[in-house]
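Read through the structure below, which is laid out as structure tokens, and then see the notes.
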Amino acid sequence: MSTEPRRHRAARHARPAAEVAAPAPRKKPITVERITDAALEVVAAEGYDALTIRRVAAVLGTGPSSLYAHIVNKDDIDDLLIGRLYAGVVLPEPDPATWRGQLVGVYTQIRDLYLEYPGVSRAALAMVPTNLETLRVGEGILAILLAGGVEPRTAGWARDALSLYVSAYALEQSLVRRRHQGQEWVLGHEELLDRFTALPAEQFPNTRRHAAELVSGTGPDRFEFALGLLMGALRPASG
Numbered sequence: 021m022s023t024e025p026r027r028h029r030a031a032r033h034a035r036p037a038a039e040v041a042a043p044a045p046r047k048k049p050i051t052v053e054r055i056t057d058a059a060l061e062v063v064a065a066e067g068y069d070a071l072t073i074r075r076v077a078a079v080l081g082t083g084p085s086s087l088y089a090h091i092v093n094k095d096d097i098d099d100l101l102i103g104r105l106y107a108g109v110v111l112p113e114p115d116p117a118t119w120r121g122q123l124v125g126v127y128t129q130i131r132d133l134y135l136e137y138p139g140v141s142r143a144a145l146a147m148v149p150t151n152l153e154t155l156r157v158g159e160g161i162l163a164i165l166l167a168g169g170v171e172p173r174t175a176g177w178a179r180d181a182l183s184l185y186v187s188a189y190a191l192e193q194s195l196v197r198r199r200h201q202g203q204e205w206v207l208g209h210e211e212l213l214d215r216f217t218a219l220p221a222e223q224f225p226n227t228r229r230h231a232a233e234l235v236s237g238t239g240p241d242r243f244e245f246a247l248g249l250l251m252g253a254l255r256p257a258s259g
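Take any residue in the sequence shown, note its place counting from 1, add 20, and you have its number in my numbering.
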């Protein structure tokens, strides 16, 4: 029997443990769940503008081509993102007596989820939802509107208008945070009030007179007010 294998084995055993090559760890397989996790990680850390297929692939330690076995394009990632967020929305049992309050509650949840991930509400704009979680929430909102006696077409259009407002509100908040992060010159409530009251009375009589009212209220106060305005036009269907 040849002594060659024995010599190789002896030499291998004689090496320090650190020199013995360990088997390369197996990479975790790329899945839709991991792609969604990575996309949320990018948005949370860098904002929605930084989200690209290449950036998601880098987080996963792979190349963009690996992702195309699971997604179609960037729009597909957007659909996954919104679906993941909407999975956290709790829908109430539609109640004809409290349907307006229920809508405010659902849309407040959606707003808060959007605000956790800067700019992510852009993914919901101009998107035709296909994710089942997104469709689940849309179905729940429609059910609440119908429970309030709103005519079906009006309910569908109202759902779109309310959802658009919430997405736009969250997007504006993310833009404000990004533009004014760390900037001391951003006007506070009192400073803005002083600016308005210092305007020339002959040019801005109403702004000066009602300055306190114009700058009143918190962001959440104004959010609920706008939802109330939109819902105020909704009436139960006659007959």
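For glycine and all other residues, C-beta sits at the position ideal for the given N, C-alpha and C.
From a predicted model like this one, the values you see are computed outputs, not experimental measurements.
Check: Three-way DSSP call (helix, strand, coil) for V109 in this model; Outcome: coil
Check: Chain-order list of residues whose beta-carbon lies under 6 Å from that of I102 (same chain, five-residue window excluded); Outcome: A143, A144 and T154
Check: C-alpha distance - R173 paired with R75, whole-angstrom precision; Outcome: 41 Å
Check: Supposed close pair V63, V79 - CB separation, criterion 8 Å; Outcome: Not a contact, Cβ separation roughly 11 Å.
Check: Where P149 falls: helix, strand or coil (DSSP); Outcome: coil
Check: Which of helix, strand or coil DSSP assigns to P240; Outcome: helix
Check: Proximity below 7 Å, CB of P277 to CB of Q122; Outcome: For the chain, the structure presents residues 21 to 259; residue 277 sits outside this window and is missing.
Check: Rounded separation between L195 and R229 - CA only; Outcome: 30 Å
Check: Buried versus exposed, by CB contacts within 10 Å (16 or more), S236; Outcome: exposed
Check: N151 classed as buried or exposed, judged by whether at least 16 other C-beta atoms fall within 10 angstroms; Outcome: buried
Check: F170 - DSSP class collapsed to helix/strand/coil; Outcome: Checking the displayed sequence, the identity of residue 170 turns out to be Val instead of Phe. Three-state DSSP puts V170 in a strand.
Check: Member of L165, P240 and A253 whose CA lies at the smallest distance from the CA of T128; Outcome: P240
Check: Whole runs of the alpha helix (DSSP H) within the region 172-227, excluding any shorter than 4 residues; Outcome: 172-200 and 209-217
Check: Opposing strand residues paired with P256 [DSSP bridges]; Outcome: V170
Check: Test: W177 CB closer than 7 Å to a CB of chain C; Outcome: This model lacks chain C altogether; it includes just one protein chain.
Check: 8 Å contact criterion, which V170 and L234 should meet: CB distance rounded; Outcome: Incorrect: roughly 32 Å between the Cβ atoms, too far for contact.
Check: Alpha carbon of R179 to alpha carbon of W119, nearest angstrom; Outcome: 13 Å
Check: Element boundaries [alpha helix (DSSP H), containing V76]; Outcome: I73 to V79
Check: Where the alpha helix (DSSP H) through G125 begins and ends; Outcome: W119 to E136
Check: K48, DSSP secondary structure in three states; Outcome: coil
Check: For T82, the nearest candidate out of D96, A58, K94 and A65 (CA to CA); Outcome: A58
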